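Here's the structure, in structure tokens; my notes come after.
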Amino acid sequence: MTPTNGNTETVSNIQKKVAKSNLFDLDKFERRTVEKEYEFTPVDSMEKALEFVGNDQGKLIDVINTGLARLALSEAKQSLRTDSLVSPKVVGGFVKQFQPLYPAKNDSKEAKKEQAQKIYAFIRSQEAILTLIKSIAAATANEDDEDDDAASDAV
11 MTPTNGNTET
21 VSNIQKKVAK
31 SNLFDLDKFE
41 RRTVEKEYEF
51 TPVDSMEKAL
61 EFVGNDQGKL
71 IDVINTGLAR
81 LALSEAKQSL
91 RTDSLVSPKV
101 VGGFVKQFQP
111 LYPAKNDSKE
121 AKKEQAQKIY
131 AFIRSQEAIL
141 TLIKSIAAAT
151 ANEDDEDDDA
161 ASDAV
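Using this note's numbering, you'd call the opening residue of the sequence shown number 11 and step up by one each time.
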């Protein structure tokens, strides 16, 4: 049954989502990101939640505990972040931007590490860049907690 808002207009809270997964294609021997669209309708009561899981109370408790565990994990990860502890993804984005200024001598791990150290030293010496990194890290902190395989909103 589709909910209405009292004025007989249909109210749809169906969310269109996309599940993404990074897999290895054995036919093409390459990594691929595959996607599947699905619909999700959030529930607004325990009764509807119980109905959603087939009236299985044990399954509902498992679902609730999974959500609570993820929430606790997210809060624990957030508590680890400070102004000086940020996501490596954010710093890596800046390092990539400066790679042309500090070319690696060759493709060896040692040369790449030396290149990264030079870029780190440059970034560390630039207060404006450090401030920008901290701002971006704070704005994107929740994104870092999501798994690669987690569902995301459809575009």
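Using N, Cα and C, we set each Cβ at its ideal position, and we do this for glycine too.
Computed from a predicted model, the values in this text were never measured in an experiment.
Item	Value
Whose CA, out of Asp93, Ile129, Ala114, lies closest to the CA of threonine 141?	Asp93
Since proline 52 and asparagine 23 are thought to touch, with beta carbons under 8 Å apart, how far apart are those beta carbons, to the nearest angstrom?	6 Å
Roughly how many whole angstroms lie between the Cα atoms of aspartate 158 and threonine 150?	Only weak support is given to the placement of aspartate 158: the predicted model assigns it a pLDDT of 37, under 50, and the question is left unresolved by the model.
In this structure, how does DSSP classify leucine 33 when only helix, strand and coil are distinguished?	strand
Could you check if valine 28 is buried or exposed, using at least 16 other CB atoms within 10 Å of its CB as the buried criterion?	exposed
Identify the continuous beta strand (DSSP E) that holds tyrosine 48 and give its terminal residues.	40-50
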